[in-house]
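Asker: Following this message is one structure expressed as structure tokens.
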């Protein structure tokens with residue numbers, strides 16, 4: 066990242082101003098808030114809706130969502146390439162209403178086959194849209210302010226998820242078909258609201274703006290060859306894979322810890338909620354601060370390495386919770402969640418910079434699609450990995466997970482060491 070943004074383009078918030086001053090970033094923040102509130106509504110009730118209202122078994126739901134997750138892994142690259150051709154904004158204006166239709170479609174599902182088809186379609190759209198949004202941000206915002214802007218957007222996203230989850234509690238309490246469908250409708254409305262906000266976003270939607278000029282008199286030999294291909298960029302693929310290993314932390318938090326607290330420790334079940342609160346509060350309050358100092362590939366790799374060690378440390382603290390009385394186990398779990406959350410903040414900030422600075426700016430859609438696909442793959446296999454290690458083997462499994470994180474951080478640093486931002490290694 067080399068360009069310097071004007072002062073007003075940097076994300077700023079104060080007690081007087083809850084939204085950033087820059088109109089483009091302010092619009093992106095509002096879009097993220099609306100989208101995440103809708104996600105919070107849907108994610109909170111979807112499993113119960115599928116089982117209690119549609120009549121699917123828990124095993125069928127798990128299988129269908131797993132198949133959908135695999136479909137989502139392969140959505141990023143083709144959607145990203147399409148965004149490079151037609152423009153990220155133009156593509157998202159189409160995808161948003163399709164996502165709304167997919168969510169509403171769940172209200173009309175009455176068989177397992179229809180559920181799997183719709184879940185695959187909805188997940189493919191969601192994962193593809195995530196890659197396209199990342200490319201849109203990469204092109205719309207000044208390069209030097211990207212990481213802090215993404216940190217702000219992630220803080221807002223987590224706040225929106227909390228709001229949405231709180232609203233969905235009413236539907237959970239009612240436990241009725243009407244209540245669940247109302248959540249689906251509100252989620253669909255959120256997609257349409259984001260689309261309306263996107264339509265007014267002051268960025269170009271043309272393919273030329275997406276790909277950039279490549280053949281003018283000042284073009285370099287690399288420019289005249291056209292954009293690099295992400296799937297043939299070995300360094301980028303290696304960094305994506307190593308960062309995906311760090312993304313296993315999400316499965317630790319959402320799958321491993323709840324099961325570990327209930328099955329492997331004497332801590333009260335309420336500790337599950339307390340751990341989630343600790344993580345969410347830290348992300349909302351400190352993600353922007355954690356991004357400070359992450360300005361280039363080298364600093365991003367260092368942030369990821371430090372974050373990886375903290376994730377490893379969190380796993381070791383979780384292992385200790387197996388021993389001792391309830392109060393000691395609960396205390397260890399909360400300390401572990403604190404360490405884990407700080408590691409998550411650092412690896413997220415570092416990952417954003419690596420995904421942007423190691424990419425060819427003329428093919429941000431494809432590159433972001435590859436990076437997002439790595440994350441999606443980690444989210445699909447993460448529950449299995451965490452279950453086979455920490456949940457099944459207790460403290461020994463936690464130590465194994467700690468070792469995986471501890472090795473992935475330095476490996477990522479080694480993958481980018483001595484490589485300045487710019488042309489990456491190409492096959493052939």
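In our numbering, the protein residues as written are 66 to 493.
For every residue, glycine included, the Cβ atom is placed at its ideal position computed from N, Cα and C.
None of the values given here were measured: they were computed from a predicted structure.
#1: Note down the Cα distance separating residue 206 from residue 212, rounded to an integer number of angstroms.
#2: What's the call for residue 267, buried or exposed, on a 16-neighbour Cβ count within 10 Å?
#3: For residue 355, tell me which candidate among 408, 394, 379, 307 has the shortest Cα-Cα distance.
#4: Buried or exposed: residue 301, going by 16 or more other Cβ atoms within 10 Å of its Cβ?
#5: For residue 310, I'd like the list of residues in its chain whose CB is within less than 6 Å of its CB, leaving aside the five on either flank, ordered along the chain.
#6: By the DSSP assignment, the alpha helix (DSSP H) with residue 189 in it spans what residues?
#7: When the Cα of residue 139 is compared with those of 105, 431, 88, which residue comes out closest?
#8: Of the choices 149, 413, 95, whose alpha-carbon is the least far from that of residue 426?
#9: Going by C-alpha to C-alpha distance, which of 313, 303, 106 sits closest to residue 482?
#10: By Cβ distance, which residues of its chain are closer than 6 Å to residue 272, with the 5 residues on each side in sequence left out?
#11: Taking the alpha carbon of residue 479 as the reference point, which residue from 307, 218, 245 has its own alpha carbon closest?
#12: Is it the case that the segment 108–121 contacts the segment 170–178, given that we only count it when at least three CB pairs across the two stretches are under 8 Å?
#13: Less than 7 Å separating the beta-carbons of residue 262 and residue 437?
#14: Are there three or more Cβ pairs, one per stretch, closer than 8 Å when the segment 178–189 is compared with the segment 120–135?
#15: Kindly give me the distance between the Cβ atoms of residue 94 and residue 84, rounded to whole angstroms, as I take these residues to be in contact under 8 Å.
#16: Roughly how many angstroms lie between the CA atoms of residue 107 and residue 475, to the nearest whole one?
#17: Closest to residue 242 by C-alpha separation, out of 196, 115, 320, would be which residue?
#18: In whole angstroms, what is the alpha-carbon distance linking residue 422 and residue 375?
#19: Closest to residue 365 by C-alpha separation, out of 417, 250, 441, would be which residue?
#20: Within 10 Å of its beta-carbon, does residue 357 have 16 or more other beta-carbons around it, so buried, or fewer, so exposed?
#21: Tell me the rounded alpha-carbon separation between residue 146 and residue 434.
#22: What span of residues does the alpha helix (DSSP H) with residue 162 cover, start to end?
#23: Contact check, residue 236 vs residue 245 under 8 Å by CB: the rounded distance?
#24: Excluding five sequence neighbours on each side, which residues of the same chain lie with their C-beta closer than 7 Å to the C-beta of residue 414?
#25: Look at residue 327 and residue 334 and say whether their C-beta atoms are less than 7 Å apart.
#26: Enumerate in chain order the residues of its own chain whose CB-to-CB distance from residue 224 is below 8 Å, with the five nearest sequence positions on each side excluded.
#27: Give the list of continuous alpha helix (DSSP H) stretches no shorter than 4 residues that lie fully inside the segment 383–461.
#28: Residue 249 and residue 169 look like a contact to me (Cβ under 8 Å); what is the Cβ gap, rounded to whole Å?
#29: Distance, Cα to Cα, residue 195 vs residue 163?
#30: Measure the C-alpha to C-alpha separation of residue 239 and residue 247 and round it to an integer number of angstroms.
#31: Report all residues from its chain with a CB closer than 8 Å to the CB of residue 387; omit the five preceding and five following residues, and keep chain order.
#32: According to DSSP, simplified to helix, strand and coil, what is residue 326?
#33: Going by DSSP in three states, residue 268 sits in which element: helix, strand or coil?
#34: Does the distance from the C-beta atom of residue 377 to that of residue 463 stay below 7 Å?
#35: Name the two residues that bound the continuous alpha helix (DSSP H) containing residue 351.
Answerer: Quick look at the numbers:
#1: As a working note, residue 206 is residue 141 in the chain shown. As a working note, residue 212 is residue 147 in the chain shown. Their backbone Cα atoms lie some 10 Å apart in a straight line.
#2: Stepping through the chain shown from its first residue, residue 267 is reached at position 202. Burial call: exposed.
#3: Position 290 of the chain shown, counting from 1, holds the residue named residue 355. Minimum Cα distance to residue 355 is reached at 408.
#4: Taking the chain shown and counting its residues from 1, the one referred to as residue 301 is at position 236. Looking at its Cβ environment, which holds 16 or more other Cβ atoms inside 10 Å, residue 301 is buried.
#5: On the chain shown, position 245 is the one that residue 310 refers to. Excluding sequence neighbours, residue 310 sits near 473.
#6: By one-based count along the chain shown, residue 189 stands at place 124. 177–205 is the extent of the alpha helix (DSSP H) around residue 189.
#7: Start at 1 with the first residue of the chain shown, and residue 139 comes out as number 74. Among 105, 431, 88, the Cα nearest to that of residue 139 is on 431.
#8: The residue given as residue 426 occupies position 361 in the chain shown. Measuring from the Cα of residue 426, the nearest candidate turns out to be 149.
#9: By one-based count along the chain shown, residue 482 stands at place 417. Out of 313, 303, 106, 303 has the C-alpha closest to the C-alpha of residue 482.
#10: The count along the chain shown starts at 1 and reaches residue 272 at position 207. Low confidence applies to residue 272: its pLDDT is 36, below 50, so where it sits in the model is not reliable enough to give any reading.
#11: On the chain shown, position 414 is the one that residue 479 refers to. The shortest C-alpha separation from residue 479 is found at 307.
#12: yes
#13: Counting from 1 along the chain shown, the entry for residue 262 is found at position 197. Counting from 1 along the chain shown, the entry for residue 437 is found at position 372. Contact flag unset, no.
#14: yes
#15: Sequence index remark: in the chain shown, residue 94 carries index 29 (1-based). Sequence index remark: in the chain shown, residue 84 carries index 19 (1-based). Confirmed, Cβ separation roughly 6 Å.
#16: As a first step, residue 107 must be located in the chain shown, where it is residue number 42. As a first step, residue 475 must be located in the chain shown, where it is residue number 410. Using only the alpha carbons, I get a separation of about 38 Å.
#17: Within the chain shown, numbered from 1, the residue matching residue 242 stands at position 177. Ranking the options by Cα distance to residue 242, first place goes to 115.
#18: Position 357 of the chain shown, counted from the start, is the residue given in the question as residue 422. Position 310 of the chain shown, counted from the start, is the residue given in the question as residue 375. For residue 422 and residue 375, the distance between alpha carbons rounds to 24 Å.
#19: Numbered from its first residue, the chain shown carries residue 365 at position 300. The option with the nearest alpha carbon to residue 365 is 417.
#20: Start at 1 with the first residue of the chain shown, and residue 357 comes out as number 292. Under this definition residue 357 is an exposed residue.
#21: Taking the first residue of the chain shown as position 1, residue 146 is located at position 81. Taking the first residue of the chain shown as position 1, residue 434 is located at position 369. Their Cα atoms are separated by approximately 8 Å.
#22: As a first step, residue 162 is located in the chain shown; it is residue number 97 there, counting from the start. Start and end: 153–170.
#23: To locate residue 236, count along the chain shown from 1; it is residue 171. To locate residue 245, count along the chain shown from 1; it is residue 180. The pair is a contact, with the Cβ atoms about 6 Å apart (cut-off 8 Å).
#24: Taking the chain shown and counting its residues from 1, the one referred to as residue 414 is at position 349. For residue 414, where only same-chain residues beyond five positions count, the Cβ hits under 7 Å are 212, 216, 355, 356, 359, 368.
#25: Indexing the chain shown from 1 puts residue 327 at position 262. Indexing the chain shown from 1 puts residue 334 at position 269. Contact flag set, yes.
#26: Counting from one through the chain shown, the residue named residue 224 turns up at place 159. So the qualifying residues of the chain are 98, 101, 349.
#27: 391–422, 429–451
#28: Here residue 249 refers to the residue found at position 184 when the chain shown is read from its first residue. Here residue 169 refers to the residue found at position 104 when the chain shown is read from its first residue. Indeed, because the Cβ distance is near 6 Å, the residues count as touching under 8 Å.
#29: As a first step, residue 195 must be located in the chain shown, where it is residue number 130. As a first step, residue 163 must be located in the chain shown, where it is residue number 98. Straight-line Cα distance between these residues: approximately 14 Å.
#30: The residue you call residue 239 lines up with position 174 of the chain shown. The residue you call residue 247 lines up with position 182 of the chain shown. Cα to Cα, residue 239 sits roughly 11 Å from residue 247.
#31: Here residue 387 refers to the residue found at position 322 when the chain shown is read from its first residue. Counting only Cβ-Cβ distances below 8 Å, and skipping sequence neighbours, we find 329, 330, 394, 459, 460.
#32: Working through the chain shown from its first residue, we reach residue 326 at position 261. Three-state result, residue 326: helix.
#33: In the chain shown, residue 268 corresponds to position 203, counting from 1. DSSP places residue 268 in coil when its eight states are reduced to three.
#34: As a working note, residue 377 is residue 312 in the chain shown. As a working note, residue 463 is residue 398 in the chain shown. Taking 7 Å as the Cβ cut-off, residue 377 and residue 463 do not qualify as a contacting pair.
#35: As a working mapping, residue 351 is identified with position 286 in the chain shown. Looking at the DSSP string, the run of the alpha helix (DSSP H) that includes residue 351 is 336–355.
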